[in-house]
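Protein chains: 2
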Amino acid sequence: MNASNRSYSQLAYPIAMTAIPHAPRKQARQARARATQTAIIEAAARILEGNGRDGLTTNRVADRAGVSIGSLYQYFPNKEAIVAALLRREREALLSRIREISAAANDPMAAVSALVDAAMEHQFARPKLALELEYLEASLGIEAEAAELSQQVAEEILAVVRMLKPEADLCIARDAVAICKAIANSAALSGEAEQAKISARLHKAVLGYLR
Amino acid sequence: MNASNRSYSQLAYPIAMTAIPHAPRKQARQARARATQTAIIEAAARILEGNGRDGLTTNRVADRAGVSIGSLYQYFPNKEAIVAALLRREREALLSRIREISAAANDPMAAVSALVDAAMEHQFARPKLALELEYLEASLGIEAEAAELSQQVAEEILAVVRMLKPEADLCIARDAVAICKAIANSAALSGEAEQAKISARLHKAVLGYLR
DNA sequence: GTCTATATAGAGATAGAC
DNA sequence: GTCTATCTCTATATAGAC
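As you go down the protein sequences, you meet chains Z and D in turn. For the first sequence, this note's numbering begins at 5 and goes up steadily by one. For the second sequence, this note's numbering begins at 5 and goes up steadily by one.
Have a look at this one:
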C-alpha cells in the first residue's frame, strides 16, 4: 500500500556506540511517519462526518491533519488512496470483531445475536462515517479489494448462520448483513437515538429472516 | 417546479380565425418544452446508469439530451435541480403505486405482499439508477422535500402494516422499506438476476420482521 | 521530508449572437 | 429560445525552495 514501510527494525545494530543514536532516530521517524499517515486518515474520517463526501478535498484533509498538501502526497498517491485506507481500517476492525465472535461461538442463537450486536455497535459508533463510506465504496476503483473484504465478512457470517440454518447460502449471509446496515442507517438518518429500541428491532428482523 | 407551465389550454378561443393559428403554436411550444425537460431528466438517468454519479456533468447531460448547455440552463437553474426532478419522478411513481395497493387492500397479508412486490419491481426496473439516486439524495439540499416524500411513503406503508400488526409505528414502516431496499440493492450489486429467488427472500425478510 | 506556490484541468454556469 | 464561446472557480496534483 505504501512504499515507506521498510523494516528498519530488522537492522542488526552493531555494538559500536555510534550506532545507538541512530536507532531511535530511525525508529522515531518510522513512528512519526505512521502517526502522520494515521492523522491523515483520521482527518479524512472527521471531514466525512462533518462535511460529507463533497467536502472531502485533499487540501482540507491536509489542513485538518496538520500537514501541508505536499506532505500529504508523500504519504498517499491520490485522494482515492486515502479513502481506501480509511475504508480498510473500518472494515478490518469489523471483520476481526466478527471473527472473534465466530471463533468463540457455541450456542447458535447467541452467536447470531452477538453478530447483530457487533454490526450495530460498529454502525452506531460513527454512523455518519459508516454511511459515507458505504456511498464512497462504490466509486473507489478498488472494487476488487472491497468486494473481497465483503466476501470475507459474508463467509464468516455464513459459518455462524449455518449453525442455525444448515441449508443457508452466501445470499442469505449477504442479506443478513444488508438488513443490519439498512435498519441501522435508516434509524440513524431519521434521528433515532435509543440504541436499545433499534437493537431490539434489528434482532427481530435478522432472526425473523433466518427462522 | 417550473414557471412555464401556465394553463394556456384554459384560454377561451375567440371565434375570430386569427386566434386559431396561435393556439396550436402555444400548445406546441408547451409540449416541446415539456419534451425537452423530460429528455434532460431521462438523459441524466441514463448517465447515472452508465457513468455513475461522478460522470454526471451538466455538459454531458445536455449532450445526451440533444440540447446545448445553454438550453439546459433555460430549463433547470442548476445541476441539483435536474437530479431533484429525476428523484421526484421516480419517487412519485413508486408512491402512487403504493397508494393504489393501499387503497385496494383487503387481505392484510396479500396487501403487504403486494407492497413488497411493488418495491422490488421498482428497484429492479432500473437497479443502478435506484442505487445512484439513493446516494445522491443525501447531498441534494432538498432534504426537506425528500424527507417529506419518504414520510408519505412510510405513512402509506404503515396504514397497510397496521392491518397486520395494529401496534406498529412509523419506525416499523421505515424498517420495512429499508429492508426491501437493502436486499434488492445487495442482490443487484452482487449480480443476482433471478428475481423469483430474490423475491422469495424479500417476502421472507419482511414477513419475518412483521410477524 | 516538509513546506509554499502554482500548473493543470475540468466542472458549473453565463453572455451574447443569431 | 437555442446555440457557441467563454468566464470563473475550485480541486487535484506537482515543482522546487529550504
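C-beta atoms are modelled at their ideal positions from N, C-alpha and C, and glycine is treated no differently. Treat the numbers as computed from the prediction; the structure is a model and nothing was measured.
Residue i in three-state terms, based on DSSP
i, result
"D:G74", "helix"
"Z:L174", "helix"
"Z:T1", "The structure shown does not extend to residue 1 of chain Z, since chain Z is modelled only from 5 to 215, so the question has no answer here."
"Z:S190", "helix"
"Z:A197", "coil"
"Z:K169", "coil"
"Z:S143", "coil"
"D:N6", "For D:N6, the pLDDT reaches just 38, beneath the cut-off of 50, and the residue's location in the model is therefore unreliable, although a value from the coordinates is still provided. Three-state result, D:N6: coil."
"D:R205", "helix"
Interface partners of residue i on chain D, CB under 8 Å
i, result
"Z:S143", "G56, R57, D58"
Opening and closing residue of the alpha helix (DSSP H) in which residue i lies
i, result
"Z:A115", "112-129"
"Z:N63", "62-69"
"D:R57", "It is not in any alpha helix (DSSP H) - D:R57 carries neither H nor E in the DSSP assignment."
"Z:R92", "83-108"
"D:R215", "Taken as a continuous stretch (DSSP letters only), D:R215 belongs to no alpha helix (DSSP H), as it is neither H nor E."
Contacts of residue i in chain D (Cβ-Cβ under 7 Å)
i, result
"Z:S203", "Within 7 Å Cβ-Cβ: nothing; Z:S203 doesn't reach chain D, min ~12 Å."
"Z:I51", "Those do not exist, as Z:I51 stays about 14 Å from chain D at its closest Cβ, beyond 7 Å."
"Z:A186", "A182, I183, K185, A186"
Buried versus exposed, by CB contacts within 10 Å (16 or more), residue i
i, result
"Z:Q78", "exposed"
"Z:D179", "buried"
"D:A4", "Chain D is shown only over 5 to 215; residue 4 of chain D falls outside these bounds and no answer can be derived."
"Z:R273", "Outside the shown range of chain Z, which is 5 to 215, sits residue 273 of chain Z, and nothing can be said about it."
"Z:A209", "buried"
"D:M124", "buried"
"D:I73", "exposed"
"Z:E160", "buried"
"Z:S190", "buried"
"Z:K185", "buried"
"D:A197", "exposed"
"D:S203", "buried"
"D:A66", "buried"
"Z:E104", "exposed"
Cross-chain neighbours of residue i in chain Z, by beta carbon under 8 Å
i, result
"D:A209", "D179, I183, A209, G212, Y213"
"D:E196", "C175"
"D:S190", "R178, D179, V181, A182"
"D:Y139", "Y139, A142"
Contact list for residue i against chain Z, beta-carbon separation under 7 Å
i, result
"D:A134", "Residues of chain Z passing the Cβ test: none, with the nearest at roughly 13 Å."
Proximity test, residue i beta-carbon vs the ligand FMN heavy atom, cut-off 6 Å
i, result
"Z:I51", "This structure does not include the ligand FMN; it has no bound ligands of any sort."
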